[in-house]
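Participant:
In UniProt numbering, the protein residues as written are 1 to 546.
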């Protein structure tokens, strides 16, 4: 097994090349049921023996009591009926009245990729692991019969919710007459569905939305809301969609009278839409955790080494660490943070206080396993007068700004952050950093994860990822960064979770492992940056069986 193998991220054994098929790692139907967390996911059992496009996608299944340690079980859905004979694709789970779980999922019905929607129910609810599921006898419960609907772009039903008339609803992503559309369907019993004459929401910004998610949030509360229950007055709703290889979202209201989603702000250029994560993070799915009263989200992160590497190491693709997700107090963006259970893996804490980083300073962080680490650091700005002017056009392509104003380019305030997975001679390094800009009315923070020097290995995809967030530096001078490192997986949360960046890296240091790579806090800006607190831990391996 390759030493790039993550030890506490949720990895997914699948013995295949990533080029075998599309849409094969998505989280599908996560739920908490009878004291057990269930994670279903797209899985290709044929692996490297399958043809160039596999039509045998199944629903893999893992269970956990703590979201950290996982038991892998047999697949719960396999393509064995006419309504899914060419593949059981992505879907969701809903807890119905009477504590009845139900799965909605997309079925591929022929080699032309025509798609329909199906239902499955657990065969034996007394089984704590829900190992066997029965497909509804009336599948497919939804077919692509709406005029103008592209039947090969019609997939990924959401978790159900109760509408204003007491009926169940789900949304399905679609290409309708060339527009991105969240089609809306209604049901009395969750088994028989009718299309609503209008969509939940549509846009001409893109041709297809996939991996839809629709959920309610309360401003200023980090608690979650159960879509199967009554939603309190004043709640906002989030419509999340997968498009252009990223997960974007809108915040708005669910208009009960018109039965539609109304965004707070309509932005024509989808490049300016908010993103769940600005890195290697796709097909995310959330669920309400009734145990802790929170909403949890996670996503698929694919490999970015060569396909031959995946076949050689025998696995490909991981899921991100589960995150709590909630609405910021200003109601303008979502915040995310690793679930608190991940902290159970921490050991060997090191703590530094009162550091001061001047221009060009590197402070090495020692005493932990730098290949498996959790680092929390606060950067306090001594002055905000040196902030460089902000150009709004940068919002269209933040990664470009990360490339052009990288960690080697001196700035006014920043770049400052972390250098991780660095070789002795610094030829290999991954940099997570901030840079502060001043616009006319506010401060904008650019957060970057730069992988361009992450490995000396050829043939890797090593981009610079980046995203901007607003920050009120007049009130708060501390900018926080938390970075979780698990060998080939690097997951960072900036500004209290305002911007999150998931990345995959493959430095030679992971293979050689001779003493481990280095880690530094640094500042390369003109303004001195204080570090009032830096805490870091080594991370134990999670217990994961496959």
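In this text, a Cβ means the ideal position worked out from N, Cα and C, and glycines have one as well.
Keep in mind the model is a prediction, meaning the values are calculated, not measured.
Less than 7 Å separating the beta-carbons of residue 107 and residue 84?
Facilitator: Yes, the Cβ-Cβ distance between residue 107 and residue 84 is below 7 Å.
Participant: Looking at C-alpha atoms only, which residue of 399, 329 and 408 is the closest neighbour of residue 361?
Facilitator: Nearest option by C-alpha distance: 408.
Participant: To test your reading of the DSSP string, which unbroken beta strand (DSSP E) runs of 3 or more residues are found completely within the stretch 432-475?
Facilitator: Whole beta strand (DSSP E) segments, 3+ residues: 443-450 and 464-471.
Participant: Using 8 Å for Cβ pairs, my map puts residue 522 next to residue 417. What's the rounded Cβ distance?
Facilitator: Rounded, the Cβ-Cβ distance is 7 Å, consistent with contact.
Participant: Could you check whether the stretch 234-247 touches the stretch 206-213, counting it as contact only if at least three pairs of C-beta atoms, one from each stretch, sit closer than 8 Å?
Facilitator: The stretch 234-247 vs the stretch 206-213: in contact.
Participant: Looking at residue 199: is its Cβ nearer than 7 Å to the Cβ of residue 182?
Facilitator: In this structure, residue 182 lies closer than 7 Å to residue 199 by Cβ.
Participant: Could you pull the start and end residues of the beta strand (DSSP E) that residue 341 belongs to?
Facilitator: Where residue 341 is concerned, there is no enclosing beta strand (DSSP E), given that its DSSP letter is neither H nor E.
Participant: What do you reckon, are the CB atoms on residue 347 and residue 538 nearer than 7 Å?
Facilitator: Yes, the Cβ-Cβ distance between residue 347 and residue 538 is below 7 Å.
Participant: Measure how close the beta-carbons of residue 299 and residue 247 come, nearest whole angstrom, since I'm counting them as under 8 Å.
Facilitator: The pair is a contact, with the Cβ atoms about 7 Å apart (cut-off 8 Å).
Participant: Got a sec? Which residues, its chain only, sit under 6 Å from residue 25 by beta carbon, not counting five neighbours each side?
Facilitator: Closer than 6 Å at the Cβ level, and outside the excluded window around residue 25, lie 42, 300 and 317.
Participant: State the DSSP-derived secondary structure class of residue 589, mapped to helix, strand or coil.
Facilitator: Given a span of 1 to 546 for the chain in the structure shown, any question on residue 589 remains unanswerable.
Participant: With a Cβ-Cβ cutoff of 7 Å, do residue 386 and residue 527 count as a contact?
Facilitator: Result yes, Cβ atoms of residue 386 and residue 527 sit closer than 7 Å.
Participant: Can you tell which of 474, 227 and 518 has its C-alpha closest to the C-alpha of residue 288?
Facilitator: It is 227.
Participant: Counting only the same chain and skipping the five closest in sequence on each side, list residues whose C-beta sits under 6 Å from that of residue 139.
Facilitator: Result list for residue 139: 83 and 118, in chain order.
Participant: By Cβ distance below 7 Å, which residues in the same chain neighbour residue 543 in space, the five residues on each side in sequence not counted?
Facilitator: Cβ neighbours of residue 543 beyond the five flanking positions: 69.
Participant: Quick one: is residue 372 buried, meaning 16 or more other Cβ sit within 10 Å of its Cβ, or exposed?
Facilitator: Buried, by the Cβ-count rule.
Participant: I need the straight-line Cα distance from residue 88 to residue 472, nearest angstrom please.
Facilitator: Between residue 88 and residue 472, the C-alpha separation is close to 46 Å.
Participant: When the Cα atoms are used, what is the spatial distance from residue 483 to residue 271?
Facilitator: Spanning the two alpha carbons is a distance of roughly 26 Å.
Participant: Between the alpha carbons of residue 235 and residue 516, how many angstroms are there, rounded?
Facilitator: Rounded to the nearest angstrom, the two C-alpha atoms are 48 Å apart.
Participant: Tell me the DSSP secondary structure of residue 67 in three-state form.
Facilitator: Coil at residue 67, not helix or strand.
Participant: Nearest to residue 33 by CA position, among 153, 459, 536 and 291, is which residue?
Facilitator: Minimum Cα distance to residue 33 is reached at 291.
Participant: List the whole-angstrom C-beta distance separating residue 451 from residue 463, where the pair is believed to meet the contact cut-off of C-beta under 8 Å.
Facilitator: With 8 Å as the limit, residue 451 and residue 463 qualify as a contact, their Cβ atoms being about 6 Å apart.
Participant: Cα separation between residue 369 and residue 426?
Facilitator: Rounded to the nearest angstrom, the two C-alpha atoms are 18 Å apart.
Participant: According to DSSP, simplified to helix, strand and coil, what is residue 240?
Facilitator: Strand, per DSSP.
Participant: Between which two residues does the beta strand (DSSP E) harbouring residue 619 extend?
Facilitator: With the chain covering only 1 through 546, there is no way to say anything about residue 619.
Participant: DSSP on residue 393, reduced to helix/strand/coil?
Facilitator: Residue 393: helix per DSSP, three-state reduction.
Participant: Considering only the beta carbon of each residue, do residue 136 and residue 191 sit closer than 7 Å?
Facilitator: Yes, Cβ-Cβ distance for residue 136 and residue 191 is below 7 Å.
Participant: Rounded to whole angstroms, what's the CA-CA distance from residue 534 to residue 354? Just pull it up for me.
Facilitator: When rounded, the distance between both Cα atoms is 9 Å.
Participant: Does DSSP put residue 184 in a helix, a strand or coil?
Facilitator: Strand.
Participant: Keeping to the same chain, check which residues put their C-beta closer than 6 Å to that of residue 529; ignore five residues upstream and five downstream.
Facilitator: Hits under 6 Å: 357, 379, 416 and 523.
Participant: Determine the DSSP secondary structure at residue 141, reduced to helix, strand or coil.
Facilitator: Coil at residue 141, not helix or strand.
Participant: How many whole angstroms separate the CB atoms of residue 90 and residue 105, which I take to be in contact at a CB cut-off of 8 Å?
Facilitator: Contact flag correct, Cβ pair sits at about 7 Å.
Participant: Any chance the stretch 150-168 sits against the stretch 111-129, with 3 or more Cβ pairs inside 8 Å?
Facilitator: Segments in contact, yes.
Participant: What three-state label does DSSP hand residue 543 in the structure shown?
Facilitator: Three-state DSSP puts residue 543 in coil, outside helix and strand.
Participant: For residue 270, which of helix, strand or coil comes out of DSSP?
Facilitator: Three-state DSSP puts residue 270 in a helix.
Participant: Any idea what DSSP makes of residue 295, helix, strand or coil?
Facilitator: Three-state result, residue 295: strand.
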